[in-house]
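Right, one structure below, let's go through it.
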Amino acid sequence: IQNTQTGMGALLMYYVYILCCSDGSFYIGSTQNLRARIHAHNIGQGSTYTSKRRPVRLMYTEVFDTETQAIRRERQLKRWSAVKKKSLIDGNLETLKRLSKRRS
């Protein structure tokens, strides 16, 4: 599990997380209470998507100072391909850079 902190010293932190579902697919979400949210996913109360693909495993997190920042990042990651998400999880910056280049 990687953890990239983008903000420091905030009393309230907002997390963006990537889960790996039992079928190998990824789920991206955001929360203020990461532990409780992962538990909710694993007991079938996190989302409809993950309730059908349990158990889930936490693969990656990022921490933000504001909800706005977290939601912006969550939306960005949700648009990424599975290969690009996997590269982020693995910390494979070369592949991530290559996949991030715009195709003309």
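The sequence shown runs 12 to 115 under my numbering. No residue lacks a Cβ here, since even glycine has one placed at the ideal position from N, Cα and C.
For arginine 65, which three-state DSSP category applies? coil
ask   = Per DSSP, what kind of secondary structure is leucine 23 in: helix, strand or coil?
value = Coil.
Report task. Would you kindly report the start and end of the unbroken beta strand (DSSP E) that includes isoleucine 39? Result -> Counting along the chain, the beta strand (DSSP E) containing isoleucine 39 begins and ends at 37-42.
Exercise. Which one of Ile39, Tyr26 and Ser92 has the shortest CA to CA distance from tyrosine 60?
Worked result: Comparing Cα positions, the closest option is Ile39.
Could you tell me if lysine 112 is buried or exposed, where buried requires 16 or more neighbouring beta carbons within 10 angstroms of its beta carbon? exposed
*Measure the alpha-carbon distance for cysteine 31 versus serine 98 and round it to whole angstroms.*
If I take the Cα positions, the gap works out to 13 Å.
Use the C-beta contact count for alanine 132: other C-beta atoms within 10 angstroms, 16 or more gives buried, fewer gives exposed. Given a span of 12 to 115 for the chain in the structure shown, any question on residue 132 remains unanswerable.
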